[in-house]
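In my numbering, the protein residues as written are 28 to 297. Cβ coordinates follow ideal geometry from the N, Cα and C atoms, glycine included.
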């Protein structure tokens with residue numbers, strides 16, 4: 028019996044030691060995972076996987092590198108600023124606007140480079156009652172040939188406070204919609220004003236998709252009979268050259284209200 032008791036005690040100590048070692052290894056593993064998750068969550072950066080997949084940052088979190096003003100030689104810094112890792116459209120004082128609320132003299136922010144087939148991701152938050160948008164398939168020449176001179180003409184991913192902005196009365200003008208063309212579907216889950224939303228645009232050939240917070244909320248084909256009919260009934264119908272696919276710019280809209288962007292990244296599709 029004394030021998031058996033001693034053997035049991037030694038075995039118990041060995042098992043306790045193994046448990047301590049196991050917990051220590053798990054702790055190191057979880058700490059490592061936590062550090063990795065933290066690194067992946069850093070705004071305005073690319074993970075190794077994203078780099079391998081061909082993603083490129085359009086905003087470095089610190090400067091306007093890669094951006095300019097539409098119809099201008101430089102960024103209109105009276106409208107835009109970079110603060111705390113955000114690209115911020117500052118709220119404008121009362122200025123003359125068109126019937127749709129677009130400033131008559133504004134400052135849309137445009138990528139220097141152009142993109143034809145791509146996947147775009149970005150985070151955005153809007154001020155209470157705010158209105159803005161991300162435009163793509165934008166020709167600077169076409170845009171500046173129409174009034175307002177500094178406002179982009181292109182397909183628009185609507186950025187809006189649905190709860191307080193009157194534009195939300197039109198389903199095609201609500202957040203995530205293809206502005207004035209297609210309303211978002213029932214999968215839409217919008218965070219309120221002041222909170223960030225994550226958006227994704229796919230534009231490949233004639234096919235387009237809008238995503239919001241992980242859900243696809245609309246898709247379209249610009250050459251389909253259905254889309255042509257929708258376009259013919261929209262505010263863009265009489266703008267020659269608007270609908271056609273282009274090697275175009277990405278544009279952040281100046282629509283007076285304050286809006287913030289970060290994590291703007293693009294992947295060119297072959």
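So, using beta-carbon positions, are residue i and residue j closer together than 8 Å?
i: residue 6; j: residue 184; result: No answer is possible for residue 6: the residues shown for the chain start at 28 and end at 297.
i: residue 187; j: residue 210; result: no
i: residue 261; j: residue 207; result: yes
i: residue 182; j: residue 277; result: no
i: residue 149; j: residue 288; result: yes
i: residue 166; j: residue 273; result: yes
i: residue 281; j: residue 154; result: no
i: residue 192; j: residue 156; result: yes
i: residue 268; j: residue 205; result: no
i: residue 137; j: residue 79; result: no
i: residue 152; j: residue 224; result: yes
i: residue 83; j: residue 292; result: yes
i: residue 279; j: residue 139; result: no
Which of helix, strand or coil does DSSP assign to residue i?
i: residue 171; result: helix
i: residue 199; result: helix
i: residue 194; result: helix
i: residue 284; result: coil
i: residue 208; result: coil
i: residue 296; result: coil
i: residue 106; result: coil
i: residue 215; result: coil
i: residue 150; result: strand
i: residue 289; result: strand
i: residue 85; result: coil
i: residue 263; result: coil
i: residue 142; result: strand
i: residue 279; result: strand
Over the uninterrupted alpha helix (DSSP H) stretch that includes residue i, give me the two end residues.
i: residue 78; result: 75 to 79
i: residue 253; result: 252 to 259
Buried or exposed: residue i, going by 16 or more other Cβ atoms within 10 Å of its Cβ?
i: residue 275; result: buried
i: residue 194; result: buried
i: residue 250; result: exposed
i: residue 189; result: buried
i: residue 259; result: exposed
i: residue 220; result: buried
i: residue 175; result: buried
i: residue 135; result: buried
i: residue 111; result: exposed
Note down, in chain order, each residue of its chain lying with its Cβ closer than 6 Å to the Cβ of residue i, except the 5 sequence neighbours on either side.
i: residue 144; result: 231, 296
i: residue 229; result: 146, 236
i: residue 238; result: 227
i: residue 114; result: 86, 288
i: residue 309; result: Only positions 28 to 297 of the chain appear in this structure, which leaves residue 309 out of reach.
i: residue 265; result: none
i: residue 8; result: No information on residue 8 is available, as it lies outside the stretch 28 to 297 that the chain covers here.
So, for residue i: in the same chain, excluding its five sequence neighbours on each side, which residues have a beta-carbon less than 8 Å away from its beta-carbon?
i: residue 101; result: 95
i: residue 242; result: 214, 215, 216
i: residue 81; result: 294, 295
i: residue 109; result: 88, 89, 90, 91, 115
i: residue 248; result: 233, 234, 235, 254
Apart from the five residues just before and just after residue i, which ones in its own chain have a Cβ nearer than 7 Å to its Cβ?
i: residue 212; result: 244, 245
i: residue 252; result: none
i: residue 222; result: 152
Please report the residue range of the beta strand (DSSP E) in which residue i lies.
i: residue 116; result: 113 to 116
i: residue 160; result: 158 to 165
i: residue 224; result: 224 to 231
i: residue 267; result: Careful: residue 267 lies outside any beta strand (DSSP E) and carries neither H nor E.
i: residue 69; result: First-last for residue 69: undefined, no H or E at that position.
i: residue 185; result: 182 to 187
i: residue 244; result: 242 to 248
i: residue 271; result: Residue 271 -> no beta strand (DSSP E), and no H or E assigned at all.
i: residue 329; result: Past the edges of the chain, shown from 28 to 297, lies residue 329, and the structure says nothing about it.
Shorter than 8 Å from the beta carbon of residue i to some beta carbon of chain B?
i: residue 200; result: Reference to chain B is not applicable here, since this structure consists of a single protein chain.
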